[in-house]
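S.K.: Residue numbers (my numbering): 1 to 943. Ideal placement from N, C-alpha and C gives every residue a C-beta, glycine not left out. On a predicted model such as this, the values are computed, not experimentally measured, just so you know.
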Amino acid sequence: MEKRCRVSKFCILCLLLALVAVATIITLWTIALTGADQGDEDSAPWDRYRLPNFLIPLMYNITLWPHLSPDPVSGLYLFTGTSTVVFECETQTDLVLIHSNKLNYTLLEKKHMALLLASGHGFVPNITSTWLEPKTQYLVVQLNGPLTEGETYFLYTEFTGELADDLAGLYRSEYVEDGIKRIVVGSQMHPTHARKTFPCFDEPAMKAFFNITVIHPPGTVALSNGDEKEAVNITINGSSMIKTSFESTEKMSTYLLAIVISDYTYLSATLGDISIRIWARKKAIEQGQGNYALIVTGPVLDFLQRYYNNSYPLRKLDQIALPDFYYGAMENWGLVTYREAKLLYYPLISSSRDKKSTATIIAHELAHMWFGNLVTLRWWNEVWLNEGFATYVSYLAADHFEPTWGLKDQIVLNSIHKAFSVDALSSSHPLSTKEASIFLPDHISQQFDTISYKKGAAVLRMLSGFLTEPVFVQGLSKYLHRFAYRNTIGNDLWDTLQMEVEANNIYLPLRVHDIMNRWVLQMGFPVVTIDTAKGNVSQKHFLLDDAYISEESPYNYEWLIPIQWMKSGVVKSDIWWLTEKTAINLEMRSGGMWILANINVTGYYRVNYDLGNWERLLAQLIKDHQVIPLTNRAQLVDDAFNLARAQLVSTSLALRTTSYLSAETEYIPWQTALNNFHYYFLILDQTDVYHPMQDYMKNLVKPLYLYFKSMTSDWIHVPPRQTDQFNQANAIQMACKTGITECQTLTSTWFKQWMDNPHNNLIHPHLRDAVYCSAIATGETAEWEFGWNQFKNTSVASEASKLMSGLACTNNTQLLERYLSYTLNPAMIRRQDAAIVIQAVASNRVGQELAWNFVRLQWEFMFTQYGAGSFNFAQIINAVTARFSTSAHLQQLEDFLSEHHALGFGSATQAVKQALERTRANIKWLQQNKREILDWFINQKDL
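#1: DSSP three-state call for CYS89: helix, strand or coil?
#2: Identify whether ILE938 lies in helix, strand or coil by the three-state DSSP scheme.
#3: Go ahead and pull the three-state DSSP assignment for LEU33.
#4: Measure the Cβ-Cβ separation of PRO204 and ILE242 and say whether it is below 8 Å.
#5: Quick one: give me the first and last residue of the alpha helix (DSSP H) that GLY161 is part of.
#6: Going by beta carbon distance, what residues of the same chain come within less than 7 Å of PRO629, once the five residues before and after it are set aside?
#7: Does the separation of the CB atoms of LEU521 and PRO554 fall below 8 Å?
#8: As an exercise, report each continuous alpha helix (DSSP H) stretch of at least 4 residues that is fully enclosed by the stretch 484-511, in chain order.
#9: If the criterion is Cβ atoms closer than 8 Å, does the pair SER175 and LEU163 meet it?
#10: For the candidate residues THR687, SER275, VAL528 and GLN744, whose alpha-carbon lies nearest to that of LYS930?
#11: Classify THR810 as buried or exposed, calling it buried when 16 or more other Cβ atoms lie within 10 Å of its own Cβ.
#12: If we count Cβ pairs, one from each stretch, closer than 8 Å, do we get three or more for the stretch 526-545 versus the stretch 403-415?
#13: Does the stretch 139-148 come within contact of the stretch 60-75, defined as at least 3 CB pairs closer than 8 Å?
#14: Spell out the partners DSSP gives MET523 in its beta bridges.
#15: Do SER245 and GLU230 have their C-beta atoms within less than 8 Å of each other?
#16: Just how far apart, CA to CA, sit GLN928 and ASP639?
#17: When you compare the CB positions of SER275 and SER268, do they come within less than 8 Å of one another, or not?
#18: Compare the beta carbon distance of ALA835 and ASN793 with 8 Å and say whether it is the shorter of the two.
#19: What's the call for HIS193, buried or exposed, on a 16-neighbour Cβ count within 10 Å?
#20: Can you give the beta carbon distance from LEU117 to THR130, rounded, assuming they're within the 8 Å contact cut?
#21: Return the CA-CA distance between TYR822 and ILE212, expressed in angstroms with no decimal places.
#22: Helix, strand or coil, according to DSSP, for PRO57 in the structure here?
#23: Can you list the alpha helix (DSSP H) stretches of 4 or more residues lying completely in the stretch 352-409, in chain order?
#24: Is the stretch 77-88 close to the stretch 53-64, with three or more CB pairs under 8 Å?
#25: Could you have a look at PHE123 and say whether DSSP puts it in helix, strand or coil?
#26: What three-state label does DSSP hand ASN211 in the structure shown?
#27: Ends of the alpha helix (DSSP H) at HIS417?
#28: Report buried or exposed for ARG306, applying the criterion of at least 16 other Cβ atoms within 10 angstroms of its Cβ.
#29: Could you tell me whether any Cβ in chain D is nearer than 8 Å to the Cβ of ILE829?
#30: Just list the residues that DSSP pairs THR235 with in beta bridges.
#31: For GLN972 and SER239, what's the separation of their Cα atoms in angstroms?
#32: Start and end of the beta strand (DSSP E) containing ARG606?
#33: With respect to the alpha helix (DSSP H) encompassing ASP769, which residues constitute its N-terminal and C-terminal limits?
#34: Going by DSSP, name the residue or residues bridged to ASP318.
#35: How big is the Cα-Cα spacing for ILE31 and PHE905?
#36: Hey, would you say THR657 sits closer than 8 Å to VAL701, going by beta carbons?
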């Protein structure tokens with residue numbers, strides 16, 4: 001009995017230990033996915049990730065000297081610097097916490113890493129100790145007494161950092177021109193990399209003035225946010241150098257600081273008393289690649305000044321194209337940095353899509369000069385207001401400059417549909433989250449996603465729609481004037497807009513604050529269902545698969561929904577508000593006519609109808625599709641396909657929405673259909689559905705292919721409208737992909753002509769994406785090698801981008817494996833482009849498994865050696881798992897997560913959760929729909 005008792009206790013103890021171990025693993029896994037806690041209030045201040053508000057920075061005086069040759073001892077490229085930060089003591093404290101990451105400090109008085117002085121004649125406590133806290137990224141300065149409330153102090157430091165090629169903080173970039181290797185020093189302080197360059201209070205609310213001095217070699221020019229004040233020749237250790245100092249910046253956040261050293265030249269213009277310059281490599285400027293950016297900038301800046309009713313607050317606006325840059329661009333105040341392919345446009349080689357990209361990204365970054373830079377959100381939990389607003393306004397500003405492009409309609413395709421695709425997952429997230437939940441650098445990086453940019457733009461567009469644009473703009477102007485050079489929270493904007501609503505007698509069912517909280521504080525969006533037989537209208541949280549919902553809503557997933565609608569082509573003038581789960585609108589009883597809701601897709605929601613109304617809408621599309629507005633033709637397709645994925649309508653009905661496309665020639669509906677068919681190809685291209693689907697797509701796209709063949713006189717001319725140019729490229733891409741022999745022969749011939757005469761590429765720029773992919777896919781090793789050589793030798797970034805994507809189209813697995821291996825060698829594929837190559841290979845039918853295996857094998861190396869500054873890990877995870885639709889795929893993904901949970905996934909944490917959810921949803925969808933889809937495609941052969 002005793003022995004048995006002891007054994008039982010031992011067993012119980014073992015069981016308890018096992019349970020504790022499991023709980024620990026779960027906790028660690030949760031931390032890996034969601035991040036650690038901010039820290040207990042009783043923990044030491046340096047163990048918490050947020051700064052206390054005891055000290056307020058006023059000004060920085062910073063001198064930086066990036067060394068453009070490697071250190072003879074370590075072999076590393078380094079930079080040295082000194083900093084004096086002036087700050088005011090708001091609350092007595094005996095501790096100075098200032099952000100610092102990967103910086104080494106020179107020991108100063110009494111062997112400390114900093115020196116403290118006071119501006120007045122008050123008591124200055126002595127520094128008793130200084131140390132670095134790598135985990136929370138602080139330089140800690142402990143004092144022997146408290147700082148005096150209201151007194152101003154100076155903290156002086158000397159430091160050294162690595163001038164690495166990691167695209168974060170102050171970094172090194174290299175390029176070759178005329179056979180000579182050249183070095184550019186670039187910067188990327190956003191969101192938390194300023195602390196990697198100098199010790200600073202690196203939070204957006206800690207605004208200050210910056211006085212920057214840069215030491216650089218003769219033959220180079222230094223740029224920063226402020227105007228150049230003076231540049232003097234100096235000698236350091238026998239070497240001639242230039243010391244350039246800049247005028248003080250406006251009061252701004254650390255993440256907006258920018259510093260560039262290069263041998264670039266520039267183009268210039270003026271807008272009133274504002275100096276505008278476009279900086280780039282000398283050859284690029286000589287070739288005129290900066291001309292379009294210069295032409296765009298002035299009118300866009302002028303439009304924004306009038307739109308905001310607020311003058312641009314600086315005297316200069318520099319924009320510079322960097323050879324290596326992590327983001328597409330960064331809105332540093334007065335010195336905007338870009339990837340080359342985003343800023344530069346070369347008419348002889350760049351496409352109309354490149355031209356659109358240049359115009360819209362310039363508009364996006366300049367929109368930030370006010371919304372983000374002049375007025376800054378207090379913390380990163382509301383970055384969607386900065387990024388969503390800049391995204392929305394970029395369409396307006398670019399449309400003002402290029403009114404024939406139809407950009408205001410393309411926001412539906414490029415932002416709203418893309419936001420829907422992510423926001424329909426239960427692993428999505430609200431636009432705004434609790435401030436306390438965002439504190440780790442990885443947390444902050446994850447905020448800059450599709451939800452913040454694209455859903456943010458969609459929701460603000462909807463807000464503008466129901467307020468009316470004049471009232472919306474009036475409110476924005478007052479908001480910017482009221483909070484200039486300050487920090488705000490989202491409610492400040494809602495309160496300002498509410499005042500304009502009341503001043504203009506705009507009817508709303510509730511206050512702006514109460515309406516917008518539904519869209520901002522709960523994730524997802526509604527599907528509005530209209531029963532046109534009875535006039536019943538209801539709303540429901542739309543999810544592709546509601547089996548995995550994991551987050552509760554403070555509003556029980558109920559929205560206040562503005563609905564604009566029409567009946568058989570006649571638009572109802574007033575907005576009708578759906579303010580409850582269910583309501584009745586007797587006017588929406590069809591009486592045998594069709595009802596169409598969400599006119600021009602101004603609302604951020606999907607719409608479903610009773611089957612009778614769907615049939616009437618489908619009949620109208622076949623009879624005369626132009627009666628239905630352009631964006632709504634696209635929306636009917638997109639809604640139907642996604643409603644079918646959520647099991648709310650039949651898959652056959654969704655497929656039937658595409659039948660009318662044989663008579664459609666407009667870009668937006670076609671691109672929408674292709675985007676939705678892309679999902680089918682991802683999930684079904686390894687099944688017996690693939691060939692019948694290919695046959696259907698071939699028959700569907702052939703009229704479009706012939707339409708553009710005729711319009712262009714057998715491909716000699718170029719369609720005059722930009723959207724027709726986009727759709728012509730679609731027609732060629734799909735015609736070749738689905739096996740239309742005439743198309744494949746055409747693209748192969750064009751590519752072969754180029755191979756025969758490498759210095760004379762006659763393929764039209766706006767068709768090159770499609771032609772390169774088709775020719776390399778149907779070609780042999782010779783075509784791939786030729787494309788690779790052209791990629792390595794081109795000096796035009798947009799052309800390099802097209803070739804980079806085209807090389808991933810080959811069906812030769814050995815070439816794809818070789819191409820993937822190049823992503824680990826910056827001499828072959830720039831770090832900024834590595835993720836793009838992996839994504840491109842993963843999108844290839846024969847490349848997905850290769851890309852997934854490559855990522856699994858190299859994850860630890862990429863994650864630890866490259867880091868988030870140069871690799872977009874979230875995009876990589878999304879790409880390599882996009883085709884996952886089997887239990888085997890799910891097991892591989894779970895094994896991958898288990899294997900690397902200790903290492904973590906950083907900025908890809910949310911993407912990992914979404915990949916799991918998507919894979920489960922894909923498995924379920926395939927099981928439920930494959931048979932119906934196969935039958936439908938087979939039946940189309942007989943039509």
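M.R.: Let's see:
#1: Position 89 of the sequence shown, counted from the first residue, corresponds to residue 89. If DSSP states are grouped into helix, strand and coil, CYS89 belongs with the strands.
#2: Working through the sequence shown from its first residue, we reach residue 938 at position 938. The answer is helix: DSSP assigns ILE938 an H, G or I state.
#3: Residue 33 sits at position 33 when you count from the first residue of the sequence shown. Annotation note: pLDDT 36 at LEU33 (below 50); position unreliable, no value reported.
#4: Position 204 of the sequence shown holds residue 204. Position 242 of the sequence shown holds residue 242. No, the Cβ-Cβ distance between PRO204 and ILE242 is not below 8 Å.
#5: In the sequence shown, counting from the first residue as 1, residue 161 sits at position 161. No alpha helix (DSSP H) contains GLY161, which is instead part of the beta strand (DSSP E) from 152-162.
#6: Position 629 of the sequence shown holds residue 629. Correct list, in chain order: ILE599 and ASN600.
#7: Residue mapping note: residue 521 aligns to position 521 of the sequence shown, counting from 1. Residue mapping note: residue 554 aligns to position 554 of the sequence shown, counting from 1. The answer is yes: Cβ separation under 8 Å.
#8: 490-503
#9: Against the sequence shown, residue 175 aligns to sequence position 175. Against the sequence shown, residue 163 aligns to sequence position 163. Looking at the sequence itself, residue 175 is Tyr, so the reference to Ser does not match. No, they are not a contact pair.
#10: Reading the sequence shown from its first residue, position 930 is the one you call residue 930. THR687 is the residue among THR687, SER275, VAL528 and GLN744 whose C-alpha sits nearest the C-alpha of LYS930.
#11: Counting from one through the sequence shown, the residue named residue 810 turns up at place 810. Here THR810 is buried: its Cβ has 16 or more other Cβ atoms, across all protein chains shown, within 10 Å.
#12: no
#13: no
#14: Against the sequence shown, residue 523 aligns to sequence position 523. In the DSSP secondary-structure assignment, MET523 is not bridged to any residue.
#15: Sequence index remark: in the sequence shown, residue 245 carries index 245 (1-based). Sequence index remark: in the sequence shown, residue 230 carries index 230 (1-based). Yes. Within cutoff.
#16: Position 928 of the sequence shown, counted from the first residue, corresponds to residue 928. Position 639 of the sequence shown, counted from the first residue, corresponds to residue 639. Each residue's Cα considered, the two are about 19 Å apart.
#17: Position 275 of the sequence shown, counted from the first residue, corresponds to residue 275. Position 268 of the sequence shown, counted from the first residue, corresponds to residue 268. Result yes, Cβ atoms of SER275 and SER268 sit closer than 8 Å.
#18: Within the sequence shown, the letter at position 835 stands for residue 835. Within the sequence shown, the letter at position 793 stands for residue 793. In this structure, ASN793 does not lie closer than 8 Å to ALA835 by Cβ.
#19: Along the sequence shown, one-based indexing puts residue 193 at 193. That one is buried.
#20: Working through the sequence shown from its first residue, we reach residue 117 at position 117. Working through the sequence shown from its first residue, we reach residue 130 at position 130. Taking the Cβ atoms as the reference, LEU117 lies roughly 15 Å from THR130, outside the contact range of under 8 Å.
#21: The count along the sequence shown starts at 1 and reaches residue 822 at position 822. The count along the sequence shown starts at 1 and reaches residue 212 at position 212. Their backbone Cα atoms lie some 38 Å apart in a straight line.
#22: As a position in the sequence shown, residue 57 is number 57, starting the count at 1. Three-state result, PRO57: strand.
#23: 352-367 and 383-401
#24: yes
#25: Taking the first residue of the sequence shown as 1, we reach residue 123 at position 123. Residue state for PHE123 is assigned as coil, using DSSP reduced to three classes.
#26: Here residue 211 corresponds to residue number 211 of the sequence shown, with the count starting at 1. Correct three-state label for ASN211: strand.
#27: Position 417 of the sequence shown, counted from the start, is the residue given in the question as residue 417. First-last of the alpha helix (DSSP H) with HIS417: 417-423.
#28: Looking up residue 306 in the sequence shown gives position 306. Counting Cβ neighbours within 10 Å, ARG306 comes out exposed, since fewer than 16 surround it.
#29: No chain D is part of this structure, which consists of one protein chain only.
#30: Here residue 235 is taken as the residue at index 235 of the sequence shown, counted from 1. For THR235, which the question treats as bridged, DSSP gives the partners SER240.
#31: Residue 972 lies beyond the range of the chain shown here (1 to 943); nothing can be said about it.
#32: Counted from its first residue, the sequence shown places residue 606 at position 606. Its beta strand (DSSP E) spans residues 606-609.
#33: The sequence position of residue 769 within the sequence shown is 769, counting from 1. Counting along the chain, the alpha helix (DSSP H) containing ASP769 begins and ends at 768-778.
#34: On the sequence shown, residue 318 is found 318 positions in, with the first residue counted as 1. In DSSP, ASP318 forms a bridge with ARG277 and LEU335.
#35: The count along the sequence shown starts at 1 and reaches residue 31 at position 31. The count along the sequence shown starts at 1 and reaches residue 905 at position 905. Note that ILE31 scores a pLDDT of 37, beneath 50, so its modelled location is shaky; the value from the coordinates is reported in the next line. Going by the C-alpha atoms only, they are around 11 Å apart.
#36: Numbered from 1 along the sequence shown, position 657 holds the residue referred to as residue 657. Numbered from 1 along the sequence shown, position 701 holds the residue referred to as residue 701. Taking 8 Å as the Cβ cut-off, THR657 and VAL701 do not qualify as a contacting pair.
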